[in-house]
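A.B. asks: To get the numbering used here, take the position in the sequence shown, counting from 1, and add 31.
All C-beta atoms, glycine included, are put in the ideal place defined by N, C-alpha and C.
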Amino acid sequence: MSQDVSTDSFEARKHEWEQRRARYADKLRPGKTLSGLPVKTVYTKEDVTDSDLDEMPGVYPFTRGLYPDGYALTPWMQQMVFGYGTIEETRQKMEKMVEEGMEGYFGHKVFNTVYDIPCMYGIDADDPEAVGNLGQCGVHMSTGDDYDELIRGWDLESTNFSMITGDNCLPALALLAAAVERRGEPFSKMHGNSMNWYPRIAVQDVPSWEPKWGYALIIDLVKWAMENAPDWNPVNIFMYGISEAGATPVQELAYGLAWGKSIIDAGLAAGLAPDDFIGRLSFQIGCTVNVFEEVAKFRAHRRMWAKICKDAGATKPSNMLARVHVHTSGYVLTQQQLLNNTGRITLQTLAAVLGGVASIHTCSYDEAVGVPTEESHRTALRTQQILMWESGLREVADPLGGSYFVEQLTDDMEAAAWEIYDEIEAAGGYQRGIETGEIKRAIDNSSYELKKMVNSGELPVVGVNRYVTDEQENYEPFRIDESIEEKAKARLQDYRARRDETAVRAALENVRVACEALKEGTGSLMPALVDAARAGATNGEMMVPMRDAFGWFVSE
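1. Go ahead and pull the three-state DSSP assignment for residue 170.
2. Short of 6 Å in beta carbon distance, which residues of its chain neighbour residue 410, apart from the five on each side in sequence? Order them along the chain.
3. Roughly how many angstroms lie between the CA atoms of residue 313 and residue 55, to the nearest whole one?
4. Kindly identify the DSSP beta-bridge partner or partners of residue 69.
5. Give the DSSP-derived three-state secondary structure of residue 424 in the structure shown.
6. In angstroms with no decimal places, state the Cα-to-Cα distance between residue 484 and residue 490.
7. Using CA atoms only, rank isn't needed, just tell me which of 60, 196, 103, 192 is closest to residue 574.
8. In angstroms, rounded to a whole number, what distance separates the CA positions of residue 107 and residue 393?
9. On the three-state DSSP scale, how would you describe residue 380?
10. Output the distance between the C-alpha atoms of residue 125 and residue 468, rounded to the nearest integer angstrom.
11. Using the Cα positions of residue 526 and residue 345, report the straight-line distance between them to the nearest angstrom.
12. Could you name the residues of the same chain whose beta carbon sits closer than 6 Å to that of residue 516, not counting the 5 residues immediately before and after it, in chain order?
13. Give the straight-line distance between the Cα atoms of residue 150 and residue 74, rounded to the nearest whole angstrom.
14. Nearest to residue 507 by alpha carbon, out of 396, 550, 189?
15. In whole angstroms, give me the CA-to-CA distance for residue 543 and residue 248.
16. Would you call the segment 278-288 and the segment 238-254 touching, i.e. three or more CB-CB distances under 8 Å?
17. Decide if residue 146 is buried, meaning its Cβ has at least 16 other Cβ atoms within 10 Å, or exposed.
18. With H, G and I counted as helix, E and B as strand and the rest as coil, what does DSSP make of residue 294?
19. Output needed for residue 155: all residues of its chain with C-beta closer than 8 Å, excluding positions within five of it in sequence on either side, in chain order.
20. Residues bridged to residue 175 by DSSP?
21. Using 10 angstroms around the beta-carbon of residue 193, count the other beta-carbons present and answer buried if the total reaches 16, otherwise exposed.
22. Kindly identify the DSSP beta-bridge partner or partners of residue 282.
23. Which residues mark the beginning and the end of the alpha helix (DSSP H) in which residue 222 is found?
24. Could you tell me the distance, in whole angstroms, from the CA atom of residue 499 to the CA atom of residue 323?
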């Protein structure tokens, strides 16, 4: 028979707890999150006296989720990233993933296509610098033919195309728009995302446009989408890249929000009304294996972004939503004992779902060694689908809401992130952080500290510094057919042979003129790029006058 403790006071129970643990309490090692935030072994109502426990999902500030009933109406989007070889190989992967059940909201199709390095930097297949890189770790798409094949057969109004580009963000969208037009359909039917990731150079060792022109290009794309493709998301804030560069979750939160604020500032400076563009901004966020810290990060992120948007002048609740796609963290995956990564990926996905995100890509267990195989890619997708249909996670919105620990950790992460965010804003904002290199140095330092913790064993990693074995694993990596390079070159040569070279040269000269007009503040670039794509200009050809006009910069 159980003891009736209903009359026991909280204070009495706490006193008994303290007595029972007194003999060993001083031996407990202080806990902390990956961000270094202290963690206690037990949390009580005393820890949440300053927390707002009356919040509801779907209501400002959206801590508990964007929608009133969470995933009950429709689950998150399964938005797997893929891309290798030419568009034909990537189309085969697309179609296979659709057959395997990959889908977005209400059964819509989602294609999250990553470009290869030559495309990202505006290098066509016949450029000597492309040798050895074509179709590696991404698809090579540079011609109108490629984009015709990308959209072939798909209903534009129920298909979401996410284009993981680099500095070719504007030419890629122009090529897609021209392909849509060739199908006889209006731009307004386009649904998807431009990964307008220029500000990533603050944390990654990659060259890109000079900062002031990088922001000008971002806003130019935003304006074109507002006027021509209102359902297109023109900016994706690449917090995942911040995380992968070595930032702590708190740093990722602070720097990512500062990045978003810098886009808002640029839009407002260009005369855009807050409610006309802020709601189209979205985020891609990383997710490590520290489950509760990640859940708290997603909850704090929604709350903080809602406040930033409201302070910037957004009045519609729909324009204060932090729409988040999670890419499970790649840097936590290990080359040692590859199959262990399935456990890590499951924990990451669980954290993303408990955190209430809108869309998820699950890494494949073999990404630490190469391009995923068909089997590993399917397993990654199945991880999401098992959680979606077998776990019961969809039934309750924000199931950890009200947890003493999660509520306190959410508040702690928000407070720590605001501190960093405020320092960035006081110093001139994220754009200035690019120019000075301050953000990159801070993240480099965090990355170094993390590496030291792993090397010393302070941060346990199973298979790396715990439970290490000398056994050789039997793993056959995915290998890309080397003939793809010649195939891409032949496709490019054929494409150029069929176009009107005079019209292409004229269109590219117009692009050059439009670049100067954008710099002078007297014109827009995107319409000229769309005209060039119509005429048959390639991705690389459009990037030449852009590089000449906007310079090349590396954040030191």
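C.D. replies: In this structure, then:
1. Strand.
2. Correct list: empty, nothing qualifies.
3. Roughly 48 Å separates the two Cα atoms.
4. Beta-bridge pairing links residue 69 to 63.
5. Residue 424: helix per DSSP, three-state reduction.
6. When rounded, the distance between both Cα atoms is 5 Å.
7. Of the candidates 60, 196, 103, 192, the residue whose Cα lies closest to the Cα of residue 574 is 196.
8. Taking the straight line from one Cα to the other gives about 12 Å.
9. Helix at residue 380.
10. For residue 125 and residue 468, the distance between alpha carbons rounds to 38 Å.
11. Residue 526 and residue 345 have their C-alpha atoms some 46 Å from each other.
12. Excluding positions up to five away in sequence, the list reads 165.
13. In this structure, the CA atom of residue 150 is about 51 Å from the CA atom of residue 74.
14. Answer by Cα proximity: 396.
15. CA-CA distance, residue 543 to residue 248, rounds to 14 Å.
16. The segment 278-288 vs the segment 238-254: no contact.
17. Burial call: buried.
18. Judged by DSSP in its simplified three-state form, residue 294 adopts helix.
19. Only 149, 161, 173, 523, 569, 570, 571, 572 meet the Cβ criterion.
20. For residue 175, which the question treats as bridged, DSSP gives no partner whatsoever.
21. By the C-beta density criterion, residue 193 is buried, having at least 16 other C-beta atoms within 10 angstroms.
22. Residue 282 pairs with nothing; no bridge assigned.
23. Run containing residue 222: none; DSSP gives neither H nor E here.
24. Their Cα atoms are separated by approximately 27 Å.
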